[in-house]
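I have placed the structure first, in the form of structure tokens, so that the comments after it can refer back to it.
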Amino acid sequence: MTRPLLLQGGRVIDPSRGIDQVTDLLVVDGKIAGVGAGLAAPEGAEVRSVVGKIVAPGLVDVHVHMREPGNEDEETVASGARAAVAGGFTAVCAMPNTDHVTDNQAAVGFIVRQSVRAGLARVYPIGAVSVGQRGEKLAEFGEMVGAGAVAVSDDGRPVASSHLMRTALEYARTFGIPVADHCEDPTLAAGGVMHEGLVASRLGLKGIPAAAEEIMVGRDCLLAGLTGGHVHLCHMSTRGSVELIRRAKEQGIRVTAEVTPHHLTLTDHACEGYDTHAKMNPPLREAADVAALRAAVKEGVIDCIASDHAPHAYDEKEAAFDDAPFGIVGLETAFAVAHTELVLGGVLTLPELMARMSTQPAKIFHLPGGTLAVGAPADVVVLDAAAPWTVDPATFRSKSRNTPFAGRALTGRALLTLVAGKTVHDVVAPPPKVP
Amino acid sequence: MPPKSERTILLDARAMSRALQRMAVEVAELAHGTADLVLIGIQRRGVELAERIAKMIEKDEGVAVPRGALDITLYRDDLETVGPKPVIGETRLPVDLTGKHAVIVDDVLYTGRTVRAALDELADFGRPKRISLCVLVDRGGRELPIQADVVGKVVKTGPGDRVEVQVEELDGSDQVDLVR
Amino acid sequence: MTVNLGKDLTGLEHLTPEQIRLILDTAEPFKEVSERPIKKVPALRGKTIVNLFFEASTRTRISFEFAEKRLSADTVNVAATGSSVSKGETLVDTAKNLEAMRIDMVVIRHPSSGAAGFLGQRIRSNVINAGDGKHEHPTQALLDLLTIRDKHGKIAGLKVCLVGDVLHSRVARSNIWGLTKLGAQVAVCGPYTLMPRGIEELGVQFFPRIEEAIEWADVLNILRLQLERMEKGFIPSLREYYRVWGVTPERLERSPRAITIMHPGPMNRGVEIDSRVADGPHSVILDQVTNGVAVRMAVLYLLAGGRPELADAAKRGGGAE
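Residue numbers (my numbering), protein chains in the order written: chain A, 1 to 435; chain B, 436 to 615; chain C, 616 to 936.
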């Protein structure tokens, strides 16, 4: 039983209720007990001054790769949850491309149990669309949802068969969950390691054309329209995709989309020098794509920001560009990168950013969270939007260090993270390490 | 212009009642009492007549008389040629007919084909000891060697004539008309 | 007023309510024939009927055979395999051969939708559809209607829900036609992947969950789920289907009323229907089978022979001779 906590004098931003004001927030018994000026501290409460800081609903990341089961050296549910709370996230969704694939109720239940055991950020399992993610046979959505899955995805891979994607969207409707697709036409993208463009030509690397993503984006929007199902498009990276999504939304199709902080920041030039920390799928693209994605985030055509946190052992990334695995970690830099590039960069206001990193992702995936309404679970983050820091991967709580932002100067970090009112990350007084 | 049809009343309600009373007595006599008597009315109006005769016998003899209904549509020899198909009525037999004296009851006996169909159908239900025929009106014109054992009224008719029987239960009144 | 059925029975979609009622009313006396010690009437004596089954079927074929034999017709069973290369050609050839042999009636089951109508247009014999592709299975729907009417005394206003693979079901389609024409409220329930497009435009409600269907329905007609639906990717597994949509006693208990349980058979016990429900007090599944023979006798009787120009002779309905 945790003590009540009164956060005094912070700038409380709650996009779910349109609140943005300097006021107090009270947490009692794991729930938000009050938001308002001059709140009285109940008996035995801890009182903390958060003057000059931001108090917001805990961040929600709907696209994270825990490497458990199968590659626990790279990340576990527990280590990933720790990295999450350090980054200000109180809830994350774990993609199923583990070894074995999370494609049945027992595997889903395992992730849920590991999350509870870790007792840090809430880790919600995403189940596979197809058994083994082999793209052949539907997984048992009903059983997985019953065990705690919040969505289905074959991420890591596209759902190549249109018939399978169609039946997945239809079948998912029964359970009210989205189908999250990794949009990549397999034959177009095969063998590609970075964006197909001038940089790739100069470096002599095979490229993945923007069309490889856009073909599937178009297809998925059409199938969502045909079936009435909800498709969520993962890690969008091209301006063409933005156009397709905009048009689909205008037609009332149930499509949502996410973008990563790195696709809002870096271009294919980051691959120069064959830096494998710039190798991910979808690849970093051109400046025009970055600009279109930023505008889309502002406009709401892209609904939320998600990290696509993809841990890899250091030695795996120590390879020739062609041979290194795709992916970078992101939980511990996501807010800072997004804040520095988008808020300080004048694209979004801070409340708009909080909406896209907390309220919106929770809403799309029907998760509790993203709100500071009285009675809601006390998933809260206290952010210092002015704190300057330099990214040092050696200090990451994640087991992996593969980031392109090493040495980068960023502004903004999480000071305090509460999950169900319990302090799980505290820069000032770090809670005892959980084994 | 077709010739005008002429309608005569063969039996009014009172006459019909008298005829049925006499027929009831004759049936009981024919069957030597009620021990193995079963009355089977042919759909449709034969069923009502069988019911009335059975009640009259019961009143006189003080014993219940089983009665049933027989629809002969499926045994008609002209099913080939009629179309659309006639509606099939209910067939229900109260007891096993084996060893019984079955008395078929119908309103009008004409060509005899209906009775022939009834005899074929009864054969599929068992082997009565004896089958007799009781009709309200015998209008002649037999096409098969069939005769009634108990008759209400005999009347000579031609091929263009019609004998129309009405019973109170179905038609609202008791009457037998000859239409020429 | 006389109601005619025409030459063939290919489906219920184009029948009028009066025609459907005629068949149901005619089936009643045929039920009694099947209760007699000698289950035979001479109504179709001398008629030749071919059961032309291009798809394996035991129960429907046997039901038709009993119906035909009980009407004293001569029956011939032909189990033809339709070659995938020249199905259409084979049907035309078959039609010509049957015509050459002066067959009176053909009962056809074929894997292609529209096959019964195709045959009916090409031969003078009466053609009865015993199931064509995914299109219709009219005699099944008719026996379902008769069973519902027997149990509830009426069809109009009743709430009937078809549960399962409606997309691939000819039984469902025929039932939807028959039920809506006779004034029932119709709904379907099952996975979205097994529902046909545009079903709402036929006036049919959709329930994504069996619990909702159970709360609403007076009658559940539970369709058989075929193994190949799982293999073709419409549902992940038979086990999950049972867990989400299976009709179980526990789910039925939550209904405010006693729901009549129907199934066209053969049943997958433990998949679409729990054994305790199939064998339970509200199941009329066996009545459906009994009524099947009577309905088929009625259809054969009504379609066979008859020259309309002599219709007047039948006007007085027996007793005038």
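Where is the CB? At the ideal position from N, CA and C, for every residue including glycine.
C/T808 versus chain A: which residues are under 7 Å apart at the beta carbon?
Within the third sequence, numbered from 1, the residue matching residue 808 of chain C stands at position 193. Result: T167, E170, Y171.
If the cut is a Cβ gap below 8 Å, which residues of chain C does A/T174 touch?
Taking the first sequence and counting its residues from 1, the one referred to as residue 174 of chain A is at position 174. P806, Y807, P823, R824, V859, listed in chain order.
If the cut is a Cβ gap below 7 Å, which residues of chain C does A/A139 touch?
Taking the first sequence and counting its residues from 1, one reaches residue 139 of chain A at position 139. Per Cβ cutoff of 7 Å: P851.
My output table needs one value for A/H326: the three-state DSSP class, helix, strand or coil.
Reading the first sequence from its first residue, position 326 is the one you call residue 326 of chain A. In the sequence as presented, His is not what sits at residue 326 of chain A; that position holds Phe. In the structure shown, A/F326 adopts coil according to DSSP, grouped into three states.
Please list the residues of the region 814-843 of chain C that have a C-beta atom closer than 9 Å to any C-beta atom in chain A, keeping them in chain order.
Residues P823, R824.
Nearest-angstrom Cα separation, counted from C/L639 out to B/L544
Position 109 of the second sequence, counted from the first residue, corresponds to residue 544 of chain B. Position 24 of the third sequence, counted from the first residue, corresponds to residue 639 of chain C. So the two alpha carbons sit approximately 32 Å from each other.
Specify, as a first and last residue, the run of the alpha helix (DSSP H) that C/Y856 falls within.
If you number the third sequence from 1, residue 856 of chain C lands on position 241. For C/Y856, the enclosing alpha helix (DSSP H) starts and ends at 853-860.
Which residues of chain B have a Cβ atom closer than 9 Å to the Cβ of C/E633, listed in chain order?
Position 18 of the third sequence holds residue 633 of chain C. At a beta-carbon threshold of 9 Å, none of the residues of chain B lie near C/E633; the nearest stands roughly 12 Å away.
Looking at the secondary structure, which residues open and close the alpha helix (DSSP H) in which A/H163 lies?
Locating residue 163 of chain A in the first sequence gives position 163, where the first residue counts as 1. That run of the alpha helix (DSSP H) goes 162-175.
Same chain, Cβ closer than 6 Å to A/D220, neighbours up to 5 away in sequence not counted:
Walking along the first sequence from the start, residue 220 of chain A turns up at place 220. Counting only Cβ-Cβ distances below 6 Å, and skipping sequence neighbours, we find D181, V231.
Minimum Cβ-Cβ distance from C/L624 to chain B less than 7 Å
For this step, residue 624 of chain C is matched to residue 9 along the third sequence. Chain B places no beta carbon closer than 7 Å to that of C/L624, leaving this residue out of the contacts.
Taking the straight line between their C-alpha atoms, what separation do you get for A/G225 and A/K399?
Your numbering for residue 225 of chain A matches position 225 in the first sequence. Your numbering for residue 399 of chain A matches position 399 in the first sequence. Cα-Cα distance, rounded: 41 Å.
7 Å Cβ cutoff met for A/A296 and A/I302
The count along the first sequence starts at 1 and reaches residue 296 of chain A at position 296. The count along the first sequence starts at 1 and reaches residue 302 of chain A at position 302. In this structure, A/I302 lies closer than 7 Å to A/A296 by Cβ.
Would you mind working out which of A/G273, A/F335, A/A319, A/A190 sits nearest A/V259, comparing C-alpha positions?
Here residue 259 of chain A corresponds to residue number 259 of the first sequence, with the count starting at 1. Considering only alpha carbons, the answer is A/F335.
Under the three-state reduction of DSSP, which class applies to B/D542: helix, strand or coil?
Translated into positions along the second sequence, residue 542 of chain B becomes position 107. DSSP places B/D542 within a strand segment (E or B) once states are collapsed to three.
Am I right that A/H263 and A/H235 are in contact with their C-beta atoms under 8 Å? What's the rounded C-beta distance?
Stepping through the first sequence from its first residue, residue 263 of chain A is reached at position 263. Stepping through the first sequence from its first residue, residue 235 of chain A is reached at position 235. Contact flag correct, Cβ pair sits at about 7 Å.
What does the Cβ neighbour count give for A/G127, buried or exposed, with the cut at 16 atoms within 10 Å?
In the first sequence, the residue the question calls residue 127 of chain A occupies position 127. That one is buried.
By the DSSP assignment, the alpha helix (DSSP H) with C/I825 in it spans what residues?
Stepping through the third sequence from its first residue, residue 825 of chain C is reached at position 210. 825-831 is the extent of the alpha helix (DSSP H) around C/I825.
Using 7 Å as the limit for Cβ to Cβ distance, is C/E683 near chain B?
Here residue 683 of chain C is taken as the residue at index 68 of the third sequence, counted from 1. No, because no Cβ of chain B sits closer than 7 Å to the Cβ of C/E683.
Partner residues on chain B for C/E647, Cβ-Cβ distance less than 8 Å:
Here residue 647 of chain C is taken as the residue at index 32 of the third sequence, counted from 1. In chain order: E525, T526, R527.
Sheet register partners of C/M877 (DSSP bridge):
Within the third sequence, residue 877 of chain C is the residue found at index 262, counting from 1. The partner list for C/M877 (beta bridge, DSSP) reads C/N836.
Are the C-beta of C/E855 and some C-beta of chain A separated by less than 7 Å?
Counting from one through the third sequence, the residue named residue 855 of chain C turns up at place 240. Yes, C/E855 counts as interfacial toward chain A.
Integer-rounded CB distance, given that A/P325 should sit under 8 Å from A/E316
Residue numbering aside, residue 316 of chain A sits at position 316 when the first sequence is read from its first letter. Residue numbering aside, residue 325 of chain A sits at position 325 when the first sequence is read from its first letter. Yes, they are in contact, since the Cβ atoms of A/E316 and A/P325 sit about 5 Å apart, within 8 Å.
Cβ of C/G932 less than 7 Å from any chain B Cβ?
Walking along the third sequence from the start, residue 932 of chain C turns up at place 317. Low confidence applies to C/G932: its pLDDT is 37, below 50, so where it sits in the model is not reliable, and the reading given next is rough at best. Judged by the 7 Å Cβ criterion, C/G932 is in contact with chain B.
Taking the alpha helix (DSSP H) that C/F645 belongs to, which residues open and close that run?
To locate residue 645 of chain C, count along the third sequence from 1; it is residue 30. It spans 632-648 - the alpha helix (DSSP H) in which C/F645 sits, taken as one unbroken run.
C/G818 to C/I791 span [Cα, whole Å]
For the purposes of this step, residue 818 of chain C is taken as residue 203 along the third sequence, with counting starting at 1. For the purposes of this step, residue 791 of chain C is taken as residue 176 along the third sequence, with counting starting at 1. The straight-line gap from Cα to Cα measures roughly 9 Å.
Please check if any C-beta of chain C sits within less than 7 Å of the C-beta of A/G207.
By one-based count along the first sequence, residue 207 of chain A stands at place 207. So no, A/G207 is outside the interface.
Please list the terminal residues of the continuous beta strand (DSSP E) segment that includes B/I475.
As a first step, residue 475 of chain B must be located in the second sequence, where it is residue number 40. In the DSSP assignment, B/I475 falls within the unbroken beta strand (DSSP E) covering 472-477.
Contact check, B/V611 vs B/L445 under 8 Å by CB: the rounded distance?
Against the second sequence, residue 611 of chain B aligns to sequence position 176. Against the second sequence, residue 445 of chain B aligns to sequence position 10. About 4 Å separates the beta carbon of B/V611 from that of B/L445, a gap short enough to meet the 8 Å contact definition.
Listing by chain order, which chain C residues have their CB less than 7 Å from the CB of B/D559?
Position 124 of the second sequence, counting from 1, holds the residue named residue 559 of chain B. Going along chain C in sequence order, the residues near B/D559 (Cβ under 7 Å) are R651, I653, K655.
What does the alpha-carbon distance come out to for the pair C/G813 and C/Q820?
Within the third sequence, numbered from 1, the residue matching residue 813 of chain C stands at position 198. Within the third sequence, numbered from 1, the residue matching residue 820 of chain C stands at position 205. Approximately 11 Å between the Cα atoms of the pair.
Whose C-beta lies closer than 7 Å to the C-beta of B/V498 among residues of the same chain, with five residues either side of it excluded?
On the second sequence, position 63 is the one that residue 498 of chain B refers to. Excluding sequence positions up to five before and after B/V498, its CB lies within less than 7 Å of the CB of T469, all in the same chain and listed in chain order.
So for B/L528, helix, strand or coil by DSSP?
Walking along the second sequence from the start, residue 528 of chain B turns up at place 93. Here B/L528 carries a coil assignment [DSSP, helix/strand/coil].
Count the other C-beta atoms from every protein chain shown that fall within 10 angstroms of the C-beta of C/I743, then say buried if there are 16 or more, exposed otherwise.
By 1-based counting over the third sequence, the position of residue 743 of chain C is 128. So C/I743 counts as buried.
With a Cβ-Cβ cutoff of 7 Å, do C/A695 and C/L659 count as a contact?
Residue mapping note: residue 695 of chain C aligns to position 80 of the third sequence, counting from 1. Residue mapping note: residue 659 of chain C aligns to position 44 of the third sequence, counting from 1. Against a cut-off of 7 Å, the Cβ pair of C/L659 and C/A695 comes out as no contact.
Determine the DSSP secondary structure at C/H725, reduced to helix, strand or coil.
The count along the third sequence starts at 1 and reaches residue 725 of chain C at position 110. C/H725: strand per DSSP, three-state reduction.
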